[in-house]
Amino acid sequence: MMVLRQARWVVFGALLVLLVFIAMNLVSLRGRIDSLDVGTTSSPVWFVNRIEYDELLLERAMNQYIAGFGAVEAVNLRFDLLWSRLVSLGEGTTAATLQDYDVDTTVADDLLALLKSNEATISAMTDENLFDADTTRFLAELIPYNKRLRTFSLTVLAASTKQAKGWRDDVVALSKQNGLLLGLVTGAFLLGLAYLLVENLRTTNSLKEKENLLADATAANIAKSQFISVMNHELRTPLSSIHGAVALLNAGIGGEQSPKSQRLIDIAQSNSEQLSELIQDLLDVEKFSTGTFSFDPQIVNLADFIEDELPAYTALGETYDVEFVLGNLAPGTVCNVDPVRLRQILTNLVSNAAKFSTAGMKVNISLEQPSDTIILSISDTGIGIPEDAKLSIFDAFYQVDSSNERNVGGTGLGLRIAKLIVERMGGKIWFDSEAGVGTTFYVSFPCRADMLNDAPS
Amino acid sequence: MYVSAFTAILFVFVPTLLFSQTILTITGPDQVVVSEYSLNELDALEQTTFETENPYIDGSSVFSGPSLKLIVDQAGYGELQNGFVTLTALNDYQVQLPVADFLSYDVILATRRDDEEMSLRDKGPIWVIYPMSDHVALQDPVYNGRLIWQLKQIEVGE
């Protein structure tokens, strides 16, 4: 079908060329048919025949004059008419056609010369002078032209017939050619029609296919939303109970545990926390896709905010044996942001930094405000992001393959959620990373004085 | 003395005689003569002049003479809208000329070619001329046969 579509213009072009050919052929045909019409008064055959006829009429007029019952005016008239006819033979298209026929016109030239040399003979003729010697001599000279003109007539007719035969052959050839061209045009037309029909059918099918796909996609979307809803209520509620119960056990409500039991309880608590995080992350991504992710911006002093958050990461630092260090925090920077969402971003980046840091190293958190933009950076000294992962790191469920390193865990949604939140805040997230040296994540978002006025006090 | 006097008389009267003799006859149906024209009389009518080519001459020439329409009007057939007029030459060659031709185009009875009178030997004294160079439609071969020369008679009406 693609081939047909591409060939469409070629077919149209070919059709156009064929039509031009046919038109040209028809014009040519018309010309040939006109040329066949030898009976027209501009044809040399007509002229030469008329000369032959006019010569006979002059002979007759002269004979009648000599016999005494013809008027001298009649001889004069015939003389002049023959003269004019002979002159016409050398002019216009008649002369050109005779030249084209390549026939010998000496007889016409000779006859005109004879008329010219006998102009005086004709002027001298009077009704009384019937037996003038010059008149009879002129008549005697004139008579042989009768036969010569007959031969001339036949020669011209033969030449004309020969040319006409050539033209007739051309006409037949052109007719055949036109028939063939007409067949080709008809074929191309039918092909074009078939193409249009098939194309039309294909469009209808394609439309139906798209409608089906849309229906499927809508159904799938509804199913997904239903699944998320189930997960939210049917999975999170029992998990909260498990989490609470394990926390109580860990707090010693069941009395002192044997070291073995205590280790099992720790594993249960750690895994139930991880599961809760996963469910929360999935719900967040879903909220972003349905546009129901809520923001509640407030006036926040960023330096104070980060300093206040730091103690929350103590346990994380101990787990991965890293130390969190605050760099330049641009003291006094006040912004209109949602603290809950900002905490989500910070926690994601800080926990990633901790997970991928080499044990015993430091994670540096700093804050800068060049102009109206806040830039938050978190640097670690760790394994870095492999080249092949750099493009996909912000994709959902993407996890750096760390099979040759320690298992870092996580849902693969943290950076995705961070990116969604930052972009929603009108900001950007990016990173610098070198394998074996470390990674720095940057988050920038607008923070202008006029934005503070929009915030609820 | 007599001879020179006779010659003088001949020189004065013969041209006048030639100019005043009838060269064109207009007839109605059944050869009833409606009007006759000498060259002088044709010259006295309103003249139409144009330059044109035709298949019987080399290059182009300026032709002038009264229009065929004017002659037909003067014969009292001005109302004629269709049909034919029959034109006859001195050698009795005849052609049927559609009325539509001279209603649509300036068909003239040319008496001058390049300001010169036309002798009998040069297709005169009257040559029917169409303005072929001004109208592409008139270059169709069908019009060639209507350029009748040495015209002597026009028959108007059915």
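Residue numbers (the numbering used here), protein chains in the order written: chain A, 840 to 1296; chain B, 717 to 874. All residues carry an ideal CB built from backbone N, CA and C; glycine is no exception.
- Interface annotation, residue 774 of chain B: in contact with chain A, CB-CB separation under 8 Å.
- Neighbourhood of residue 930 of chain A in chain B, by CB distance below 7 Å: 772, 773 and 774, in chain order.
- With respect to the C-alpha of residue 1067 of chain A, the residue from A:1037, A:1099 and A:1125 having the closest C-alpha is A:1125.
- Within the same chain, and ignoring the five residues on either side of residue 1016 of chain A in sequence, the residues whose Cβ sits closer than 7 Å to its Cβ are 864.
- Distance between residue 1278 of chain A and residue 1220 of chain A, taken at the CA atoms: about 7 Å.
- DSSP places residue 1127 of chain A outside any beta strand (DSSP E); the residue lies instead in the alpha helix (DSSP H), whose first and last residues are 1098-1129.
- Between residue 828 of chain B and chain A, the shortest Cβ-Cβ separation is not below 8 Å.
- For residue 806 of chain B, a Cβ of chain A is located within less than 8 Å of the residue's own Cβ.
- Across the structure, residue 1133 of chain A and residue 1123 of chain A are spaced so that their CA atoms are roughly 10 Å apart.
- Listed in chain order, the positions of the region 785-815 of chain B with a beta carbon within less than 7 Å of a beta carbon of chain A are 806 and 807.
- Taking every protein chain shown into account, the CB of residue 912 of chain A has fewer than 16 other CB atoms within 10 angstroms, so this residue is exposed.
- Chain A has a Cβ within less than 8 Å of the Cβ of residue 866 of chain B.
- Annotation for residue 923 of chain A: the continuous alpha helix (DSSP H) segment containing it runs 911-928.
- Under the three-state reduction of DSSP output, residue 793 of chain B falls in the helix class.
- Counting along the chain, the unbroken alpha helix (DSSP H) around residue 1192 of chain A starts and ends at 1178-1195.
- The DSSP-derived three-state label of residue 805 of chain B is strand.
- In the same chain as residue 806 of chain B, and ignoring 5 residues on each side of it, the C-beta atoms closer than 6 Å to its own belong to 866 and 868, in chain order.
- Bounds of the alpha helix (DSSP H) holding residue 888 of chain A are 883-906.
- Classified as exposed, residue 1092 of chain A has fewer than 16 neighbouring CB atoms from the shown chains inside 10 Å of its CB.
- Counting other Cβ atoms within 10 Å of its Cβ, residue 843 of chain B reaches 16 or more and is therefore classed as buried.
- In terms of Cβ geometry, residue 845 of chain B and residue 800 of chain B do not form a close pair [threshold 8 Å].
- Under the criterion of beta carbons closer than 8 Å, residue 768 of chain B and residue 835 of chain B do not qualify as touching, at roughly 20 Å.
- Boundaries around residue 1142 of chain A are those of the alpha helix (DSSP H), 1141-1148, since no beta strand (DSSP E) includes it.
- Within the region 826-851 of chain B, the residues whose Cβ lies closer than 9 Å to some Cβ of chain A are 835, 836, 837, 838, 839 and 840, listed in chain order.
- Cβ proximity to chain B below 7 Å picks out nothing from the region 985-1015 of chain A.
- With the criterion set as a beta carbon lying under 8 Å from some beta carbon of chain B, the region 950-964 of chain A has no members that meet it.
- Its chain contains 738 and 741 as the residues whose beta carbon lies nearer than 6 Å to that of residue 752 of chain B, once the 5 sequence neighbours on both sides are disregarded; these appear in chain order.
- Here residue 739 of chain B carries a strand assignment [DSSP, helix/strand/coil].
- The count of Cβ pairs closer than 8 Å, one atom from the region 880-900 of chain A and one from the region 916-927 of chain A, reaches three, so the stretches are in contact.
- Residue 1206 of chain A is bridged by DSSP to A:1215.
- Taking residue 793 of chain B as the centre and dropping the five residues before and after it, the same chain places the C-beta of 872 and 873 closer than 7 Å to its C-beta, in chain order.
- Rounded to the nearest angstrom, the gap between the Cα atoms of residue 1195 of chain A and residue 1163 of chain A is 13 Å.
- With a threshold of 8 Å between beta carbons, residue 865 of chain A makes no contact with chain B.
- If you draw a 10 Å sphere on the C-beta of residue 1073 of chain A, you find fewer than 16 other C-beta atoms in it, and that means exposed.
- For residue 984 of chain A, the closest C-alpha among the options A:1118, A:1284, A:1211 and A:894 is that of A:894.
- Around the beta carbon of residue 1225 of chain A, a 10 Å sphere encloses fewer than 16 other beta carbons of the protein chains shown; the residue is thus reported as exposed.
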